[in-house]
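Here the structure comes first, spelled out in structure tokens, and everything after it is commentary.
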Amino acid sequence: MEKSELQFGAASESHCGRCNPNSILGGIFSVLAAGFLFYVVPTHIEIPAHMQHPLLSPRFLPQLAGWLVLALSILLMIDGLVKPPKRTETDEFRRGVPIVRQLLMVAAGVVYVLFFEQLGAIGSGVLACVLLFLASGLRNLWVYALAIVFPAVVTLLFIYVLNVPLPPGTLWESLSLI
890 MEKSELQFGA
900 ASESHCGRCN
910 PNSILGGIFS
920 VLAAGFLFYV
930 VPTHIEIPAH
940 MQHPLLSPRF
950 LPQLAGWLVL
960 ALSILLMIDG
970 LVKPPKRTET
980 DEFRRGVPIV
990 RQLLMVAAGV
1000 VYVLFFEQLG
1010 AIGSGVLACV
1020 LLFLASGLRN
1030 LWVYALAIVF
1040 PAVVTLLFIY
1050 VLNVPLPPGT
1060 LWESLSLI
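Shown next, in the form of structure tokens:
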């Protein structure tokens, strides 16, 4: 009797169980992706009347990304249900992550979303990258140069190569009027 209890205890400690992070996150992301595909894209992205080819539509890239997220999140949920992940040493390592790092990562996402219109794509991207680099504990100044270059290059690629209009930011617009 003791042996089976020890085996059960060891098995429960080594596996996350059916209600594990993979199946929970897969379910959450599949609901979010479905909401994005069936509500956000149709109601907020308009197709111009002169659009002849569906691959050139402004809806194409968001729909492609939405369907990919939906498919991968369903696969993640099924994978988590079929074979629950095992607990590893890295789980214990993650528990030691300082709360300041976690808050900086969340703040980066919040700053990007809340200040996207005011600071523009480049300004909010730079600020979010700096917060993420601070959260990562990076101390090399050359790396922080990437926090400026990377958002600028990505934004300019979207604007000039992909013809996706991104906001310049009300702050920059007000400075250009002066």
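Residue numbers for the sequence shown follow my numbering, beginning at 890 and rising by one.
C-beta: ideal position from N, C-alpha, C; glycine also.
All values reported here derive from a predicted model rather than from experimental measurement.
The shortest C-alpha to C-alpha distance from P987 to any of L1045, P1040, S1025 and L1051 is the one to S1025.
If you look at Q941, you'll find it isn't in any alpha helix (DSSP H); DSSP assigns it neither H nor E. A distance below 8 Å between beta-carbons, with the five flanking residues on each side excluded, links L926 to the following residues of its chain, in chain order: Q952, G955, W956 and L959.
Looking from the CA of N911, the closest CA among V930, V999, A1036 and V971 belongs to V971. Within the same chain, Cβ atoms closer than 6 Å to the Cβ of A1041 are found at I1011, the five residues on either side in sequence being excluded. Burial check for Y928: the Cβ neighbour count within 10 Å stays below 16, so the residue is exposed. In this structure, the CA atom of L1008 is about 24 Å from the CA atom of Q991. Inter-residue distance for F1047 and V1053 is about 5 Å (C-alpha atoms, whole angstroms). Sixteen is the threshold: when 16 or more other Cβ atoms of the shown chains lie within 10 Å of the Cβ of G1014, as they do, the residue is buried.
By the criterion of a C-beta distance shorter than 8 Å, G998 is surrounded in its chain by A1017, once the five residues flanking it on both sides are discounted. Cβ neighbours of L993 within its own chain (closer than 7 Å, five residues either side excluded): L1020, L1023 and A1024. A Cβ-Cβ separation of about 6 Å places P1056 in contact with E1006 under the 8 Å criterion. In the structure shown, G969 falls within a helical segment according to DSSP collapsed to helix, strand and coil. One thing to note: L965 has its Cβ within 8 Å of the Cβ of L914. Across the set S919, V1038, H933 and V1032, the C-alpha of S919 shows the shortest separation from the C-alpha of I967. Sequence-distant Cβ neighbours of A1036 in its own chain, meaning closer than 7 Å and more than five residues away, are V1015, C1018, V1019 and F1022.
Here the alpha carbon of L950 sits roughly 11 Å from the alpha carbon of I934. Residue state for V929 is assigned as helix, using DSSP reduced to three classes.
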